[in-house]
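*Asks:*
2 protein chains.
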Amino acid sequence: MYIFGVLNGNMISNTCKYGIRAILYIAVNSDGEKKIGIKKISEDLNLPGPFLGKIMQTLAKNKILNSVKGPHGGFSLAKAPEKISLYDIVKIIDGDDVFHECLIGVKICENNPEYTNLCPFMEKSHKVREMLEKTFKEQTIGEFAKGINSLDEFLQI
Amino acid sequence: MYIFGVLNGNMISNTCKYGIRAILYIAVNSDGEKKIGIKKISEDLNLPGPFLGKIMQTLAKNKILNSVKGPHGGFSLAKAPEKISLYDIVKIIDGDDVFHECLIGVKICENNPEYTNLCPFMEKSHKVREMLEKTFKEQTIGEFAKGINSLDEFLQI
DNA sequence: AGAAAAAAAGAGTTTTAACTCCAAATAATT
DNA sequence: AATTATTTGGAGTTAAAACTCTTTTTTTCT
Chain W
1 MYIFGVLNGN MISNTCKYGI RAILYIAVNS DGEKKIGIKK ISEDLNLPGP
51 FLGKIMQTLA KNKILNSVKG PHGGFSLAKA PEKISLYDIV KIIDGDDVFH
101 ECLIGVKICE NNPEYTNLCP FMEKSHKVRE MLEKTFKEQT IGEFAKGINS
151 LDEFLQI
Chain H
1001 MYIFGVLNGN MISNTCKYGI RAILYIAVNS DGEKKIGIKK ISEDLNLPGP
1051 FLGKIMQTLA KNKILNSVKG PHGGFSLAKA PEKISLYDIV KIIDGDDVFH
1101 ECLIGVKICE NNPEYTNLCP FMEKSHKVRE MLEKTFKEQT IGEFAKGINS
1151 LDEFLQI
């Protein structure tokens, strides 16, 4: 769907999508204590293992995950799943530009936290985008996990 | 704002942003008949000329622009600016996945035009995303152009 | 007809996101 | 203490988006 190449809907990077899916997997499959390893997660979710490893590292550094090395090691959630929002993960991995940046990239919209003097489209769209941001902030991993019925639902397109 | 590299808000590709800005530039600076060349547009908007050329080609192929070769040639809008929406341009250049694709990339949400059996987050977010799509559809180039006060407002971040 | 000015087309290069590989560190088990 | 299973860290490679360069085609003007 991209004139000069591939590109699919790119609102959230693959890196970030993988991170979210992995965290959901842990929330569903661990009681909060049990550690789950990258090998198992990447096999079950069909994600590139070594790459997922990097993502998990950054989530661990950012206090979303706990990690333990060695036999029986792996990752577990560092907080209650109800305390982790999708926004938290997006913020860490992609940043929050996607919710704030001018959609057509014009100068006057930037560095404008008060939303004054916006381009005409930013004027019309910034409220919808704030709603989108709110949707990410209100969606917790805990609630999401409850709504998942089967492993199949995690799988990549 | 990206863990492993750069990445800014990537909802709309740069290619598409350049296309939108160039069309706006034409809408503001041409009466509808006058042709404007890539050289002038790219210099004034501070965009890479040859790359913008490619983008203009695809917009011309898709009946958004008229192009005329040779001296006094250049590009003009192929329709009334009120008949061109931002959505039209996004659809041509990036595709519309950005409005429909599952935000965390899970399988069950795909090929689901009726929006049945969605993942819990898609369930909660698809209405906001439809609003976003509507915002793009309702924003015409004509109306946008009226709201622009100076060339400066076009310029890239 | 010839020259000049523009877009079109094709084949590149560069940069960045996505992904891999390997060695080192750490922790548990025997 | 040695072995094994795991994460961590660093340095790569690959693929796709972004961008460039050069040649060809078309049109206008003299």
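Keeping their order, the protein sequence lines are chains W and H. Each residue of the first sequence is one higher than the last, beginning at 1 in the numbering used here. Each residue of the second sequence is one higher than the last, beginning at 1001 in the numbering used here. No residue lacks a Cβ here, since even glycine has one placed at the ideal position from N, Cα and C.
1) Scan the stretch 1013-1055 of chain H and note each continuous alpha helix (DSSP H) run of 4 residues or more that stays entirely inside, going in chain order.
2) Let me know if residue 153 (chain W) comes out buried or exposed under the rule of 16 or more other beta-carbons within 10 Å of its beta-carbon.
3) Show which residues of chain H have a CB atom less than 7 Å away from the CB atom of residue 20 (chain W).
4) Tell whether a beta-carbon distance below 8 Å holds between residue 77 (chain W) and residue 19 (chain W).
5) By how many angstroms is the C-alpha of residue 99 (chain W) removed from the C-alpha of residue 111 (chain W)?
6) Spell out the partners DSSP gives residue 65 (chain W) in its beta bridges.
7) How many angstroms separate the CA atom of residue 50 (chain W) from the CA atom of residue 1133 (chain H)?
8) Taking Cβ-Cβ distances below 9 Å as the criterion, which residues of the stretch 15-42 of chain W are in contact with chain H?
9) Is it buried or exposed for residue 1032 (chain H), if we count other Cβ within 10 angstroms and need 16 for buried?
10) Tell me which residues of the stretch 1109-1128 of chain H have at least one Cβ-Cβ distance to chain W shorter than 7 Å, keeping chain order.
11) CB-CB under 8 Å to residue 1030 (chain H), same chain, minus the five flanking residues each way: which ones, in chain order?
12) Rounded to whole angstroms, what's the CA-CA distance from residue 1126 (chain H) to residue 44 (chain W)? Just pull it up for me.
13) Flag residue 1135 (chain H) as yes if its beta-carbon sits less than 8 Å from any beta-carbon of chain W, otherwise no.
14) Quick one: does residue 1075 (chain H) have its CB under 8 Å from some CB of chain W?
15) Tell me whether residue 1087 (chain H) sits in a helix, a strand or coil according to DSSP, three-state version.
16) Taking DSSP as the reference, what is the three-state secondary structure of residue 1116 (chain H)?
17) Can a CB atom of chain W be found closer than 8 Å to the CB of residue 1009 (chain H)?
18) Check the Cβ of residue 1131 (chain H) against every Cβ in chain W and list those closer than 8 Å, keeping chain order.
19) Tell whether a beta-carbon distance below 8 Å holds between residue 1137 (chain H) and residue 1085 (chain H).
20) Within 10 angstroms of its Cβ, does residue 118 (chain W) collect 16 or more other Cβ (buried), or is it exposed?
21) Less than 8 Å between the beta carbons of residue 80 (chain W) and residue 56 (chain W), yes or no?
22) Check whether the Cβ atoms of residue 942 (chain H) and residue 1131 (chain H) sit closer than 8 Å, and answer yes or no.
23) So, are the CB atoms of residue 1024 (chain H) and residue 1148 (chain H) less than 8 Å apart?
24) Near residue 144 (chain W), what residues of its chain come up, given a Cβ to Cβ distance below 7 Å and the 5 sequence neighbours on each side ignored?
25) Please report the straight-line C-alpha distance between residue 1093 (chain H) and residue 13 (chain W), rounded to a whole angstrom.
26) Can you give the beta carbon distance from residue 155 (chain W) to residue 46 (chain W), rounded, assuming they're within the 8 Å contact cut?
27) Strictly by DSSP, which residues pair up with residue 140 (chain W)?
28) On the CB-based measure, 16 or more other CB atoms within 10 Å of its CB, does residue 1042 (chain H) come out buried or exposed?
29) Residue 153 (chain W) touches chain H at which residues, Cβ-Cβ below 8 Å?
30) Please classify residue 1090 (chain H) as buried or exposed, where buried requires at least 16 other C-beta atoms within 10 Å of its C-beta.
*Replies:* The short version:
1) Listed in chain order, they are 1014-1029 and 1038-1045.
2) Numbered from 1 along the first sequence, position 153 holds the residue referred to as residue 153 (chain W). Residue 153 (chain W) is buried by the Cβ-count criterion.
3) Position 20 of the first sequence, counted from the first residue, corresponds to residue 20 (chain W). Near residue 20 (chain W) (Cβ distances below 7 Å), the residues of chain H are 1104.
4) Counting from 1 along the first sequence, the entry for residue 77 (chain W) is found at position 77. Counting from 1 along the first sequence, the entry for residue 19 (chain W) is found at position 19. No, Cβ-Cβ distance for residue 77 (chain W) and residue 19 (chain W) is not below 8 Å.
5) Reading the first sequence from its first residue, position 111 is the one you call residue 111 (chain W). Reading the first sequence from its first residue, position 99 is the one you call residue 99 (chain W). For residue 111 (chain W) and residue 99 (chain W), the distance between alpha carbons rounds to 14 Å.
6) Numbered from its first residue, the first sequence carries residue 65 (chain W) at position 65. Partner(s): W:77.
7) By one-based count along the first sequence, residue 50 (chain W) stands at place 50. By one-based count along the second sequence, residue 1133 (chain H) stands at place 133. About 36 Å.
8) Under the 9 Å Cβ criterion, the stretch 15-42 of chain W contributes 15, 16, 17, 18, 20, 21 and 24.
9) Locating residue 1032 (chain H) in the second sequence gives position 32, where the first residue counts as 1. Exposed is the call here.
10) Within the stretch 1109-1128 of chain H, 1110, 1119, 1120, 1121, 1124, 1125 and 1128 place their CB atoms closer than 7 Å to a CB of chain W, listed in sequence order.
11) Residue mapping note: residue 1030 (chain H) aligns to position 30 of the second sequence, counting from 1. So the list reads 1036, 1076 and 1077, once near-sequence residues are dropped.
12) For this step, residue 1126 (chain H) is matched to residue 126 along the second sequence. For this step, residue 44 (chain W) is matched to residue 44 along the first sequence. Residue 1126 (chain H) and residue 44 (chain W) have their C-alpha atoms roughly 27 Å apart.
13) Here residue 1135 (chain H) is taken as the residue at index 135 of the second sequence, counted from 1. True, the Cβ-Cβ gap to chain W drops below 8 Å.
14) Counted from its first residue, the second sequence places residue 1075 (chain H) at position 75. No - not a single Cβ of chain W is within 8 Å of the one on residue 1075 (chain H).
15) By one-based count along the second sequence, residue 1087 (chain H) stands at place 87. Correct three-state label for residue 1087 (chain H): helix.
16) As a working mapping, residue 1116 (chain H) is identified with position 116 in the second sequence. Three-state result, residue 1116 (chain H): coil.
17) Counting from 1 along the second sequence, the entry for residue 1009 (chain H) is found at position 9. Residue contact with chain W for residue 1009 (chain H): present (Cβ-Cβ distance below 8 Å to some residue of chain W).
18) Here residue 1131 (chain H) is taken as the residue at index 131 of the second sequence, counted from 1. Within chain W, the residues near residue 1131 (chain H) are 128 and 131.
19) Residue mapping note: residue 1137 (chain H) aligns to position 137 of the second sequence, counting from 1. Residue mapping note: residue 1085 (chain H) aligns to position 85 of the second sequence, counting from 1. Taking 8 Å as the Cβ cut-off, residue 1137 (chain H) and residue 1085 (chain H) qualify as a contacting pair.
20) Along the first sequence, one-based indexing puts residue 118 (chain W) at 118. By the neighbour-count rule (16 or more Cβ atoms within 10 Å), residue 118 (chain W) is buried.
21) As a working note, residue 80 (chain W) is residue 80 in the first sequence. As a working note, residue 56 (chain W) is residue 56 in the first sequence. Contact annotation: residue 80 (chain W) and residue 56 (chain W) have beta-carbon atoms that are not nearer than 8 Å.
22) This structure cannot settle anything about residue 942 (chain H), because the visible part of chain H is limited to 1001 through 1157.
23) As a working note, residue 1024 (chain H) is residue 24 in the second sequence. As a working note, residue 1148 (chain H) is residue 148 in the second sequence. Going by beta carbons, residue 1024 (chain H) and residue 1148 (chain H) fall inside the 8 Å limit.
24) If you number the first sequence from 1, residue 144 (chain W) lands on position 144. Same-chain partners within the cutoff: 24.
25) Start at 1 with the first residue of the second sequence, and residue 1093 (chain H) comes out as number 93. Start at 1 with the first residue of the first sequence, and residue 13 (chain W) comes out as number 13. In this structure, the straight-line span from the alpha carbon of residue 1093 (chain H) to that of residue 13 (chain W) is close to 18 Å.
26) Stepping through the first sequence from its first residue, residue 155 (chain W) is reached at position 155. Stepping through the first sequence from its first residue, residue 46 (chain W) is reached at position 46. Confirmed, Cβ separation roughly 6 Å.
27) The count along the first sequence starts at 1 and reaches residue 140 (chain W) at position 140. The partner list for residue 140 (chain W) (beta bridge, DSSP) reads W:85.
28) The count along the second sequence starts at 1 and reaches residue 1042 (chain H) at position 42. Burial is judged here by how many other beta carbons sit within 10 angstroms of a residue's own beta carbon; residue 1042 (chain H) has at least 16 and is buried.
29) Your numbering for residue 153 (chain W) matches position 153 in the first sequence. Near residue 153 (chain W) (Cβ distances below 8 Å), the residues of chain H are 1106, 1107, 1108 and 1119.
30) In the second sequence, counting from the first residue as 1, residue 1090 (chain H) sits at position 90. Buried.
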